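Visitor: After the structure tokens below, expect a handful of questions from me.
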Amino acid sequence: GVKSVITRLRELGLDDELEDLPSLLLGAIEITPFEVASLYQVIANDGFKVPLRAIRSVVNVGNKILTGYPPQVEQVIESSLAYLVQYLLTGVVTEGTGRAASIALADKLPLAGKIGTSNDGRDSWFAGFGGHNLSVVWIGRGDNGETGLTGANGALQLWIDLMQQVGITKFQFARPEQLSWE
3 GVKSVITRLR ELGLDDELED LPSLLLGAIE ITPFEVASLY QVIANDGFKV
53 PLRAIRSVVN VGNKILTGYP PQVEQVIESS LAYLVQYLLT GVVTEGTGRA
103 ASIALADKLP LAGKIGTSND GRDSWFAGFG GHNLSVVWIG RGDNGETGLT
153 GANGALQLWI DLMQQVGITK FQFARPEQLS WE
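Each residue of the sequence shown is one higher than the last, beginning at 3 in the numbering used here.
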């Protein structure tokens with residue numbers, strides 16, 4: 003139910019106030035691309051949350067670290083659950099609405115991702131990851147007007163271009179021992 007989804011989103015690290023509405027199950031919440039990246043990185047990291055940071059360290063002219071900000075890693079969901087979501091997200095890329103990524107980046111498969119489009123055409127987004135890269139692309143207007151874009155013909159196309167430039171690598175699945183296919 004909705005309450006369980008809200009609880010899970012809290013475990014993943016979302017602190018926003020969420021209304022207990024059925025539309026939440028479809029992803030009908032307003033969160034920033036940074037928040038989306040924070041949630042997806044838990045899934046990409048096998049259930050481990052590593053807070054996103056813009057600065058890892060401050061160094062002097064001689065490249066000596068003056069101040070460091072080491073990652074604070076915490077497992078927030080079971081690795082088996084993360085694996086199942088990873089598997090589903092690879093299906094979005096190979097067989098679903100994100101198929102353009104599997105065509106453009108065929109030599110980099112498997113990749114995982116999810117497309118989003120708001121009902122009124124205001125938002126186009128894609129969150130995706132490979133071996134060492136996770137990125138979220140959002141296209142929208144400052145006045146909340148319609149963009150005329152879907153997730154597939156807007157944000158996904160920019161994500162593909164970005165991944166071609168940064169050199170995304172294949173996602174390495176690591177199936178947990180307690181999970182088996184029967």
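Glycine included, C-beta positions come from ideal geometry on N, C-alpha and C.
Because the structure is a prediction, the values reported are computed rather than measured.
#1: Would you kindly report the start and end of the unbroken alpha helix (DSSP H) that includes GLY133?
#2: Roughly how many whole angstroms lie between the Cα atoms of VAL4 and GLY29?
#3: Looking at C-alpha atoms only, which residue of ASP125, LEU83, ASN47 and ILE105 is the closest neighbour of PRO35?
#4: Can you list, in chain order, the residues of its chain with a C-beta nearer than 6 Å to that of VAL75? Leave out the 5 residues immediately preceding and following it.
#5: Assess contact between the stretch 15 to 31 and the stretch 103 to 112, defined as three or more Cβ pairs (one per stretch) separated by less than 8 Å. Is contact present?
#6: Leaving aside the five residues before and after LEU158 along the sequence, list all residues of the same chain whose C-beta is less than 7 Å from its C-beta, in chain order.
#7: Would you call the stretch 35 to 47 and the stretch 131 to 148 in contact, with 3 or more CB pairs under 8 Å?
#8: Helix, strand or coil for PHE36 per DSSP?
#9: Go ahead and pull the three-state DSSP assignment for SER81.
#10: Taking just the CA atoms, how far does ASP145 sit from SER59?
#11: Terminal residues of the continuous beta strand (DSSP E) containing SER59?
#12: Decide if LEU151 is buried, meaning its Cβ has at least 16 other Cβ atoms within 10 Å, or exposed.
#13: How big is the Cα-Cα spacing for ALA106 and ALA46?
#14: What is the residue span of the beta strand (DSSP E) that ILE1 lies within?
#15: Grab the span of the beta strand (DSSP E) containing ILE197 for me, first residue to last.
Guide: Taking the structure as given:
#1: No alpha helix (DSSP H) holds GLY133; DSSP gives it neither H nor E.
#2: 11 Å
#3: Here the closest residue by C-alpha is ASP125.
#4: PHE50 and VAL52
#5: no
#6: GLY100, ALA102, ALA103, ILE117 and PHE128
#7: yes
#8: helix
#9: helix
#10: Spanning the alpha carbons of SER59 and ASP145 requires a straight line of approximately 37 Å.
#11: 59 to 61
#12: Classified as buried, LEU151 has 16 or more neighbouring CB atoms from the shown chains inside 10 Å of its CB.
#13: Between ALA106 and ALA46, the C-alpha separation is close to 21 Å.
#14: Nothing can be reported for residue 1: it is not among the residues displayed for the chain, which extend from 3 to 184.
#15: Residue numbering for the chain in the displayed model covers 3 to 184; residue 197 lies beyond these limits and cannot be assessed.
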